[in-house]
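Engineer:
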Amino acid sequence: MPEKTILTADLYDNVLTEKKGDYSAKPQITGTVYNSDIADRIVGKRTEFRKETIINILSMADDEKVGAIASGKSVVDGVGQYLLNLGGSFEGEKPVFDPAKHKVGVTFTQGKKLLDALKNISFNLQVATTGPVINGIVDSTTGEINTTLTPNAPAVIAGNTLLVIGDDESVGVYFTEDKEGVEPHKVSTIVQNTKSQIVIQIPGLSPGQYRLSVTTQGSSCYKQVKTPRTYTFPILLTVGSGIGDRPGIL
Numbered sequence: 552m553p554e555k556t557i558l559t560a561d562l563y564d565n566v567l568t569e570k571k572g573d574y575s576a577k578p579q580i581t582g583t584v585y586n587s588d589i590a591d592r593i594v595g596k597r598t599e600f601r602k603e604t605i606i607n608i609l610s611m612a613d614d615e616k617v618g619a620i621a622s623g624k625s626v627v628d629g630v631g632q633y634l635l636n637l638g639g640s641f642e643g644e645k646p647v648f649d650p651a652k653h654k655v656g657v658t659f660t661q662g663k664k665l666l667d668a669l670k671n672i673s674f675n676l677q678v679a680t681t682g683p684v685i686n687g688i689v690d691s692t693t694g695e696i697n698t699t700l701t702p703n704a705p706a707v708i709a710g711n712t713l714l715v716i717g718d719d720e721s722v723g724v725y726f727t728e729d730k731e732g733v734e735p736h737k738v739s740t741i742v743q744n745t746k747s748q749i750v751i752q753i754p755g756l757s758p759g760q761y762r763l764s765v766t767t768q769g770s771s772c773y774k775q776v777k778t779p780r781t782y783t784f785p786i787l788l789t790v791g792s793g794i795g796d797r798p799g800i801l
């Protein structure tokens, strides 16, 4: 029987209940793995394959899967199954698809290998250090949640202990492109600033994928702490096509 994988999850007060000591848990996301990282892992096991060749094959596989899903096919790989879904209300027997009202998405179902791996995970649970937590971001222009960003347009960030306060120069809301050696874009306009919600104007970001982070000296009891605390949202957010120079793409 394989050894269990021990991960860490942080406990946060459950905002949906008034019961004292009731928490929700968030697994700690310790990094991001790209095609280039997967290639490194494969090379470490099977040295007859060149890293560049593996990256190229993985990238071509990504393109073929995307094309198949977008053409209405169900795609099954070693991770799971992907197929299109369609959201929104359709009136009458002959409605017309309207991108402004209807949303095309993808349903993902976990495959056997992933399900088996999930069964083998255990968690060390710990009460989180009081600090900001981002639960999600809504692009006010498109209504998209945790997916795309519209530059120079408003967005709503939801979470806990988000109030951006403090004299440290690091305090603020940031978008950082997901590649090495880049400077973060600091949000210059914050329209609303509370513990549970921040309304911002997204900076003039170039096409690419970005990480959202909040740094504050605020705390859950509105007191200002000495050391700034940062929370980085684990989901990559896309501007434009998002292709750019992403790691692992040739």
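Adding 551 to a residue's 1-based position in the sequence shown gives its number in the working numbering.
Cβ atoms here follow ideal geometry from the backbone N, Cα and C, with glycine treated the same way.
1) Use the C-beta contact count for Gln760: other C-beta atoms within 10 angstroms, 16 or more gives buried, fewer gives exposed.
2) Lys654: which of Leu637, Gly582, Gly723, Asp588 sits nearest, CA to CA?
3) Do the region 758-775 and the region 735-749 meet, that is, are 3 or more Cβ pairs less than 8 Å apart?
4) Looking at the unbroken alpha helix (DSSP H) that takes in Val742, where does it start and where does it end?
5) In the DSSP assignment, find the unbroken beta strand (DSSP E) run with Thr698 in it and report its ends.
6) In angstroms, rounded to a whole number, what distance separates the CA positions of Leu669 and Gln661?
7) Less than 8 Å between C-beta atoms, sequence neighbours within five positions excluded: which residues of the same chain meet that for Tyr574?
8) Is it buried or exposed, Gly717, if we count other Cβ atoms within 10 angstroms and call 16 or more buried?
9) Have a look at Pro683, Phe726, Asn703 and flag the residue whose alpha-carbon is nearest the alpha-carbon of Ser747.
10) Have a look at Val541 and Asn586 and give me their C-alpha separation to the nearest angstrom.
11) Could you pull out every unbroken beta strand (DSSP E) segment of at least 3 residues lying fully inside the region 552-606, listed in chain order?
12) Whose C-beta lies closer than 6 Å to the C-beta of Phe784 among residues of the same chain, with five residues either side of it excluded?
13) Do Gly639 and Lys652 count as a contact pair if the criterion is CB distance below 8 Å?
14) By alpha-carbon positions, which one of Thr701, Lys555, Arg780 ends up nearest to Leu788?
15) Express the C-alpha separation of Glu695 and Ala704 in angstroms, rounding to a whole number.
16) DSSP beta-bridge partners for Val627?
17) On the DSSP letters alone, give me the boundaries of the beta strand (DSSP E) that Ala709 sits inside.
18) Based on the DSSP secondary-structure assignment, which residues constitute the bridge partners of His736?
19) Residue range of the beta strand (DSSP E) that Asp690 falls in?
20) Could you have a look at Val617 and say whether DSSP puts it in helix, strand or coil?
Structural biologist: Looking at the coordinates:
1) Burial call: buried.
2) Of the candidates Leu637, Gly582, Gly723, Asp588, the residue whose Cα lies closest to the Cα of Lys654 is Leu637.
3) yes
4) Careful: Val742 lies outside any alpha helix (DSSP H), inside the beta strand (DSSP E) at 741-744.
5) Taken as a continuous stretch (DSSP letters only), Thr698 belongs to no beta strand (DSSP E), as it is neither H nor E.
6) Whole-angstrom Cα-Cα distance: 10 Å.
7) Leu562, Tyr563, Asp564, Asn565, Val678
8) buried
9) Pro683
10) Past the boundaries of the shown model lies residue 541; the chain is included only from 552 to 801, so the question cannot be answered.
11) 556-564, 574-578
12) Ile685, Leu763
13) yes
14) Closest by alpha carbon: Thr701.
15) Cα to Cα, the separation comes out at about 13 Å.
16) Gln632
17) 705-711
18) Phe726
19) 684-690
20) helix
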